[in-house]
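Residue numbers (my numbering): -15 to 706. For every residue, glycine included, the Cβ atom is placed at its ideal position computed from N, Cα and C. These notes are about the structure you will find just below.
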Amino acid sequence: MQFVVIDATYPHYYMDNVLSNPFPTERSPHISLKTEPWIHRRRPDKLEGQLHLICKLRHFSKTLFLFLGGGSFKRRTSLFSRGLHVGKQFSCPSSEDIVFRAICVNLRHRRWKFLEQVSPSLTDALVSRVVREFQNSPQLALEFHNWVGEKKGFPHSLASCCALIHVLVKSRRFDDAITLLENLMHVNGMTPLEVLDGLEDSYELCDSFPAVFDTLVRACTQCGATEGAYAVVKKLRMKGRFVTIHAWNNFFSHLLKLNEIGRFWNVYNEMVSYRYIENVNTFNLVIYALCKECRILEAISAFYRMLKSGIWPNVVTFNMIINGACRMGDIELALKLVRKMGVMSGNSVSLNLVTYNSIVNGFCKIGKFSFVEEVCNDMVKAGFEPDVRTYGTLIDGHARKGCLEEALRLCDEMAERGLMPNTVVYNSILHWFYMEGDLEGASSVLADMIDKNVCPDNVTYSTIIEGLCRHGYVVQAFNFHRQVLEMNLIEDTFSHNILINCLCKSNNLAGAMQLVGSMFIHGLIPDLVTYGALIDRYCKEGQIESAVQIYDEMARLEEGPNMVIYNSILNGLCKEMSVDVARQMVDSLQSMGLSDGITYNTLINGYCGCGNIDEAFALFLEMRKVGGLVNRVTYNTLINFLCKFGCIQQAKELMKRMLLHGLVPDVITYTMLITCSAKNCSPDEVIELHDYMVLKGVIPDRQTYQAIVSPLLAEENEENRV
DNA sequence: TTAGGGTTAG
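Now the structure itself:
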C-alpha cells in the first residue's frame, strides 16, 4: 500500500509535485496520491512567491532557516498530517534538494523566467539530476539541457550530457542522442573512449539500456571515427558488456561504405567468433561485400546459407545481388534473379525502384538501349515513375555511348517533369563533354551548374582537373587544384591521383613524389591508385628497385596490392626482358588465385616483345582453355605482333577467329591490319579487307581510312571510269 | 542495409 508522504518541511514541493504530476514517478515512488481532493483544496497560493524569494537570496541555508521558522508552518504541518500516514524516516534535505525540486516544478510548467533566477545556483550534479528526473519527459529534459547550455552559457559536463544521452536513448530519440554524442567528440574534443567512460559511469544511475552503446558506435561511424567505433566495441567486450548485432551491422556498413572490404571480413569473422546471432541485415551486408568483390556466385551461396539459417530475405538482399551482377556486366544473371525473385522468397518480395534502376544501369553500361526502353516501360507499368537516379543513369548511359545530344534532351525532359538535375547528373555530362574534347561545352555545363545553384563536389573538381590535363591544360589544372585545395574543398584522393598520374605519364617522377608529400600535408593518405601510378611509372622506366621501394612503403601503410599493381610490376618485368621471371610471377599469382585477363595479356605482350611467338600462342591457348580470359586486347596484341613481322595472312586469319568468338574488331585492329596489308598486299586486297571488316560491323578508324583506304578507292574509281 | 557521376594496369 502506498501513502502520500509529505515531507513537512517542504509542503510547497509536494503540493506542486502532486498537483502537476498526480502519478508517482520512478524517481519518487514513495509519493502517491491518496487524498487528492483535500490536497487540491489546501494548495497554498503564495508558494511561488516564496520560492522566488529563496532564489533571490541565494544563501540557501539562511533562507531555509527563515522559511522553516515561518509563522504559518506549524499550522500547516498539523493540517497536512491529518490525512496522511508519515513515512518511516525523514532526512533533512540539502539546499541542492530545494533548488532541484524548485527547478523540477517550474520546468514541468516551462516557467523559464523562474529558471533564469535559479540558474546561478546550477551545478553539474544538479543538471544531471534534473535530466534524470525528466527521463519520462525527454523533450523537457532536452529543452532544459539546451537552455542550460545555450541561454546561460553554462558549460555542459560529460556527466550531464551522458545523463541526457541515456534519457534520449531510452525514449528511442536516437538522432538527438547522436547529435549530442557527435558534439562531445567534435566540439568538446573528447575521444570515443572518454565518452564511453562517461556513459558507463552514469549507466546504472540512469537505469539505462545497452542500446546506448550501440548509439555511441553509430555516432562514431556517422562522424567518420572508424577506429573510435571499433575501440568502443572492443573495450565493452573486455569489460563483459556487449554491443548488439545492430551496432556490428552499423560498423560493417560503415566499412563497406569506405570500401574497406578486407577489414570488413576481419571484423565480421571476429563477430562470428563471439557467437552473435546474425540477422537479415548482417547477411545482406555479407552479400553486399561479396558483390563488391565481384564474387556473385558466393553471394548467391550466402543467400542460400541465409535461408538455411531460417532468415528470410528482403528486397535489399535481392537488389544487392542484382546490382552486383549488373555492375559485372552479367545482365542475364541479374534478369534471372529478377524472374526468380518470387519463387526464391516465397512470394514475399517483389521488385522496387532500386531493382529497376539497377537493371537500367546494367543495360546502359553494355549499351543495349532498346532493352533500356523496355525496362523503363515495365517500370512505369509496375507503378514506379523514373526518379532523378533513373534519369542520371540514362543520361550517363547515352553520353557514354557518345550521344550527348540525347543525354541533354533527357536533362530537359527530367526538368519538365519537375526533377531537377543534381550534382551527379551535371558531373556526368561534364565528364563526357571533356571526353569528347568539347571544352567549350564543358565550360557551359559548369556555367549552368553555377547559374542553377547546383553545388559542385569532389567529383566535379576531379572531373575538371582530369579534363584539363587530358587536353594539355596541365598548368591550368594545377592552378585550379591549388585554388580548391586552399579553400579546403578537397576531401578525397582523386584530384591528387589524377595530377600524380599526369606527372607520371610525362615522366616527371620527382614532381609526382612532391604531390604525394602534398597529400600528407593536407591529411590525405595515398591509396592504391596513388601507389599504382608511381609503381607503374617506375616499372616503365625500368627502375624496378624504386618500384619495389614504393611497394614496400605501401605495404608498410597496410595497403595490400591489387591486381592493377601486380599487373604493372608484371609489365615492368616483361619490359625488362625478364619474361622468365614474369612467368614465375604469373605462376605464383595463379597459385594464389590472383590473375585476370590483363595478367595474361601482359605476359603475352611480354612474349611478343622478345619474339617468343610460340610461348605467346601457347599462353593464348591456355587462356582459351581456362575460359573467360580472352578479349579484344588479347587478339590485338597477337595481331600486332604478326603484323610487325609482316605475317598479314596469319593476322587476317586471327581476326576472323576473333569474329568467330563473337568479338568485333575495334579501331586498333582495323588500323593494324589495314596499315600492314597496305605494305604487304595489293590495293584490291586492302579494299577487300576493309569491306570485309565493315560488313562484319567494324567501325573504321577515320584517320586510317582517310590516309589509306580512301585514296585506294578513289584510284579504283578512276580506273573504272577510264 | 540496396540503385546514377570522377583516378591506376594489358
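* **Reference residue 386; option with closest CA among 415, 375, 374** => Of the listed residues, the one whose Cα sits closest to residue 386 is 415.
* **Ordered list of alpha helix (DSSP H) runs contained in the region 532 to 584, each at least 4 residues** => Contiguous alpha helix (DSSP H) elements confined to the region 532 to 584 occur at 547 to 559, 563 to 575, taking only those with 4 or more residues.
* Helix or strand or just coil, what does DSSP make of residue 145? -> Residue state, collapsed to three classes: helix.
* Can you say whether residue 119 is buried or exposed, counting buried as having 16 or more other CB atoms within 10 angstroms of its CB? => Counting the other CB atoms within 10 Å of its CB gives residue 119 a total of 16 or more, which places it among the buried residues.
* **Three CB pairs or more closer than 8 Å across the region 628 to 640 and the region 656 to 666** => Segment contact: the region 628 to 640 against the region 656 to 666, three or more CB-CB distances shorter than 8 Å; contact assigned.
* residue 276 and residue 305: beta carbons closer than 9 Å? -> Going by C-beta atoms, residue 276 is not nearer than 9 Å to residue 305.
* **Stretch pair the region 528 to 536 + the region 505 to 512: three plus CB contacts closer than 8 Å** => Counting Cβ pairs under 8 Å, fewer than three are found: no touch.
* Shortest alpha-carbon distance to residue 110 belongs to which of 160, 562, 140? -> Comparing alpha carbon positions, the residue from 160, 562, 140 closest to residue 110 is 140.
* Minimum C-alpha distance to residue 447 - residue among 418, 255, 300 -> Residue 418 is the option with its Cα nearest to residue 447.
* Mapping DSSP to helix, strand and coil, what is residue 631? -> The DSSP-derived three-state label of residue 631 is coil.
* Alpha carbon to alpha carbon, how far is residue 563 from residue 520? -> So the two alpha carbons sit approximately 17 Å from each other.
* **Buried versus exposed, by CB contacts within 10 Å (16 or more), residue 675** => With fewer than 16 other CB atoms across the displayed protein chains lying within 10 angstroms of its CB, residue 675 is exposed.
* Same chain, Cβ closer than 7 Å to residue 138, five either side skipped, listed in chain order -> Excluding sequence neighbours, residue 138 sits near 106, 132.
* To do: Could you spell out the range, first to last residue, of the alpha helix (DSSP H) harbouring residue 131?
  => Segment 122 to 134, the alpha helix (DSSP H) holding residue 131.
* If we call anything under 9 Å between Cβ atoms a contact, is residue 265 one with residue 233? -> Inclusion of residue 265 and residue 233 in the CB contact set at 9 Å is warranted, their separation being smaller than that value.
* Asked: In chain order, which continuous runs of the alpha helix (DSSP H) of length 4 or greater are located wholly inside the region 209 to 273?
  -> Correct list: 210 to 222, 229 to 241, 245 to 257.
* Asked: Taking buried to mean at least 16 other C-beta atoms within 10 Å of its own C-beta, is residue 649 buried or exposed?
  -> Using a 10 angstroms sphere on the CB of residue 649, the tally of other CB atoms reaches 16 or more, which defines it as buried.
* Asked: Got a sec? Which residues, its chain only, sit under 6 Å from residue 297 by beta carbon, not counting five neighbours each side?
  -> Counting only Cβ-Cβ distances below 6 Å, and skipping sequence neighbours, we find 329.
* Asked: What is the C-beta distance between residue 143 and residue 152, in whole angstroms, given that I count them as a contact (C-beta under 8 Å)?
  -> With a contact defined as Cβ atoms closer than 8 Å, residue 143 and residue 152 miss out at about 15 Å.
* Asked: Which class does residue 93 belong to by DSSP, given the choice of helix, strand or coil?
  -> Coil, per DSSP.
* **Selection from 584, 150, 94 that minimises the alpha carbon distance to residue 602** => If you compare the alpha carbons of 584, 150, 94 with that of residue 602, the shortest gap goes to 584.
* Asked: If we count the other Cβ atoms within 10 Å of its Cβ and call it buried at 16 or more, is residue 439 buried or exposed?
  -> It is exposed - the Cβ of residue 439 has fewer than 16 other Cβ atoms within 10 Å.
* Take residue 177 as the anchor and find which of 164, 191, 204 has the nearest alpha-carbon. => Nearest Cα to residue 177 within the set 164, 191, 204: 204.
* Apart from the five residues just before and just after residue 461, which ones in its own chain have a Cβ nearer than 6 Å to its Cβ? -> Once the five neighbours on either side are set aside, the close Cβ partners of residue 461 are 449, 452, 453.
* **Distance between beta carbons of residue 186 and residue 150, contact taken as under 8 Å** => Contact between residue 150 and residue 186 holds: CB atoms are separated by about 6 Å, below the 8 Å threshold.
* Enclosing alpha helix (DSSP H) for residue 647 [first to last residue] -> No alpha helix (DSSP H) contains residue 647, which DSSP labels as neither H nor E.
* Asked: Is residue 579 buried or exposed, if buried means 16 or more other CB atoms sit within 10 Å of its CB?
  -> Its Cβ being crowded by 16 or more others within 10 Å, residue 579 is buried.
* Pull up the CB-CB distance for residue 484 and residue 444, whole angstroms please, since I reckon it's below 8 Å. => With 8 Å as the limit, residue 484 and residue 444 do not qualify as a contact, their Cβ atoms being about 19 Å apart.
* Cβ contact (3+ pairs, closer than 8 Å) linking the region 210 to 219 and the region 236 to 251 -> Contact between the region 210 to 219 and the region 236 to 251 is present, because at least three Cβ pairs lie under 8 Å.
* Are the beta-carbon atoms of residue 412 and residue 379 separated by less than 9 Å? -> The answer is yes: Cβ separation under 9 Å.
* Relative to the C-alpha of residue 154, which residue among 470, 394, 196, 188 is closest? -> Scanning 470, 394, 196, 188 for the CA closest to the CA of residue 154 turns up 196.
* Is it right to say residue 459 is buried, meaning 16 or more other beta carbons lie within 10 angstroms of its own, or is it exposed? -> It counts as exposed.
* Asked: How would you call residue 284, buried or exposed, if buried means at least 16 neighbouring beta carbons within 10 angstroms?
  -> Buried, by the Cβ-count rule.
* Asked: Got a sec? Which residues, its chain only, sit under 7 Å from residue 669 by beta carbon, not counting five neighbours each side?
  -> Answer for residue 669: 661, listed in chain order.
* Exposure label - residue 287; buried when at least 16 CB within 10 Å -> Only buried fits residue 287, as 16 or more other CB atoms lie within 10 angstroms of its CB.
* Asked: For the alpha helix (DSSP H) that residue 684 lies in, which residues bound it at each end?
  -> For residue 684, there is no enclosing alpha helix (DSSP H), as DSSP marks it with neither H nor E.
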